[in-house]
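One structure below.
There are 2 protein chains.
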Amino acid sequence: MTPKANTPRQPLTKERILQAAVEVADQDGLGALTMRRLGTELGFEAMAIYKHVANKEEILEGMLELVVGQIEIPEEGADWRDAMRRRAVSARKVFSRHSWAIALQEAGTATGSTTLRYRNAILGNLRSAGFPMEYVAHAFSLLDSYVYGQVIQEISLSFDTSGETTGGARSTLEQTTMDDYPHLAAMYEHALTHDYSFDGEFEFGLDLILDGLERHRAKPPS
Amino acid sequence: MTPKANTPRQPLTKERILQAAVEVADQDGLGALTMRRLGTELGFEAMAIYKHVANKEEILEGMLELVVGQIEIPEEGADWRDAMRRRAVSARKVFSRHSWAIALQEAGTATGSTTLRYRNAILGNLRSAGFPMEYVAHAFSLLDSYVYGQVIQEISLSFDTSGETTGGARSTLEQTTMDDYPHLAAMYEHALTHDYSFDGEFEFGLDLILDGLERHRAKPPS
DNA sequence: GGATTACTTTGTACACTGTACGATTACATA
DNA sequence: TATGTAATCGTACAGTGTACAAAGTAATCC
């Protein structure tokens with residue numbers, strides 16, 4: 001029961017805890033992220049974590065910050081369209097990789113300094129590009145909504161495609177089901193035969209939105 | 001311990017269970033929806049529910065179906081732009097009222113017949129409007145993403161505004177915080193002085209997207 | 001060196017979750 | 001009234017977050 005001498009196991013730190021938490025959530029989902037599991041992963045008892053973190057909520061906040069910190073952040077003077085495009089593409093990629101982060105955002109956990117800096121930078125870029133404040137809010141809201149929504153759809157579609165754990169009953173269910181929904185069936189078929197990609201889908205909508213914003217930027221504020 | 005004779009309490013049905021579950025989630029959130037709480041709400045023991053429902057998952061699925069069923073569903077021949085606008089506005093309103101439903105969507109629970117019928121109707125309307133299949137997919141994905149994303153933002157923003165349970169430390173925190181994020185501060189200020197509304201914000205983006213789709217509809221498929 | 005002090009880590013315990021299983025009750029039909 | 005069936009309840013169990021106190025470890029001073 002004595003600690004193994006050859007494994008001097010680094011002391012626990014908040015950084016190591018958050019890192020491990022993100023890994024667990026990436027691999028097995030937010031549901032698998034329990035304090036005991038996290039302790040095991042780190043080589044400590046669950047309760048040891050509480051000396052570095054007030055409660056689980058604080059871990060979730062930290063995880064979200066870690067994720068947001070990976071998103072490409074626009075510079076103030078940069079061309080707004082290019083900057084917004086890059087950050088949207090980057091945000092979608094990051095949130096796709098850590099899809100549990102959307103749920104955290106929903107839970108109102110997004111008040112950390114990284115998130116604030118990220119949002120502030122976006123607004124700063126748009127303002128320096130000459131958007132009036134009203135349109136800055138519009139552009140910000142629109143682009144962010146699109147990114148979040150797109151990721152949600154990717155997640156739920158991935159679930160649908162992978163089947164509901166029982167692979168056997170799939171084909172029957174699929175058959176019965178799709179007869180009643182011809183348009184859905186047609187779209188699935190189209191997607192399969194035209195190698196549909198989430199990337200392409202996302203960029204189509206993104207460019208459409210950016211086009212629209214550009215048009216509004218030229219016009220007088222309604 | 002004998003059951004009260006003056007309360008003939010109707011027998012449990014799946015409909016009544018789902019109805020009660022939605023009410024609990026609306027009032028106190030998904031987290032408050034436990035089997036025991038649900039039983040209390042219905043006037044039964046928690047275990048009585050399991051005679052009408054396989055497990056909690058089935059309840060969640062049913063709840064999502066109940067919510068999606070409230071969304072205004074477009075008719076096949078209707079003007080696509082009007083139909084899409086109405087259903088988007090309707091969907092946002094419904095999901096705002098039952099904000100927990102977004103989380104369920106994320107969990108891959110959206111395979112019920114109501115959901116399938118809803119999606120099928122949307123696709124049908126777009127196809128009958130002359131969109132080629134590729135653009136049908138684009139329009140569908142784009143609009144849905146926007147609705148979901150917008151609702152997520154409304155939820156998380158509502159959390160931020162209401163403060164984190166401690167109203168006292170708010171002003172200090174806010175002050176310290178906002179000095180480092182001038183653009184964020186400017187936007188908050190703008191929102192407060194120009195009576196910002198989620199409704200207006202949503203409709204701006206929605207019309208921008210619809211404009212963009214209309215433009216694409218006229219052009220040849222890229 | 002040894003003692004004191006501060007900080008980590010751990011063990012145990014509690015209230016809560018979903019739900020398996022068996023006992024009990026209520027009700028329709030004979 | 002007696003019987004069969006469906007609905008309901010009580011109890012129990014494993015797993016959750018975490019409060020609290022005991023134990024361990026590291027750093028500092030004599």
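In order, the protein sequences belong to chains A and B.
Quick note on the working numbering: the first sequence kicks off at 1 and runs consecutively.
Quick note on the working numbering: the second sequence kicks off at 1 and runs consecutively.
Virtual Cβ for every residue (Gly too), placed ideally from N, Cα, C.
Predicted model, so just to flag it, every value in this text is computed and none were measured.
At least one CB atom of chain A sits nearer than 8 Å to the CB of residue 156/B.
Ranked by Cα distance from residue 79/B, the first of 131/B, 31/B, 29/B is 131/B. By the Cβ criterion, the segment 74 to 88 of chain B is not in contact with the segment 37 to 50 of chain B, since fewer than three pairs of Cβ atoms, one from each stretch, lie closer than 8 Å. The C-beta separation of residue 14/B from residue 67/B comes to about 16 Å, leaving the pair out of contact by the 8 Å criterion. Under the 10 Å beta carbon count, residue 192/B is surrounded by fewer than 16 other beta carbons and is classified as exposed. Look at residue 62/B: its C-beta is not under 8 Å from any C-beta on chain A.
When DSSP states are grouped into helix, strand and coil, residue 196/B belongs to the coil group. The Cβ of residue 57/B sits no closer than 8 Å to any Cβ of chain A. The beta carbons of residue 73/B and residue 87/B sit about 7 Å from each other, so the pair counts as a contact at 8 Å. Less than 8 Å divides the Cβ of residue 98/A from the Cβ of residue 26/A. The residue among 155/B, 93/B, 19/B with its C-alpha nearest the C-alpha of residue 107/A is 155/B. Straight through space, the alpha carbons of residue 125/B and residue 71/B are spaced by roughly 15 Å. The three-state secondary structure of residue 59/A, taken from DSSP, is helix. Residue state for residue 107/A is assigned as coil, using DSSP reduced to three classes. With 16 or more other CB atoms across the displayed protein chains lying within 10 angstroms of its CB, residue 115/A is buried. Following the DSSP letters along the chain, one finds residue 72/A in no alpha helix (DSSP H), marked with neither H nor E. Against chain B, the CB of residue 184/A has a partner CB under 8 Å away; the residue lies at that interface. In this structure, residue 42/B lies near residue 12/B, with their beta-carbon atoms less than 8 Å apart.
Using a C-beta cut-off of 8 Å, the segment 210 to 220 of chain A makes contact with the segment 206 to 216 of chain B, since at least three inter-stretch Cβ pairs fall below that distance.
Counting only residues of its own chain and dropping the five nearest sequence neighbours on each side, residue 76/A has a CB closer than 8 Å to the CB of 121, 124, 125, 128. Put simply, of 64/B, 21/B, 29/B, 194/B the residue whose alpha carbon is nearest the alpha carbon of residue 46/B is 21/B.
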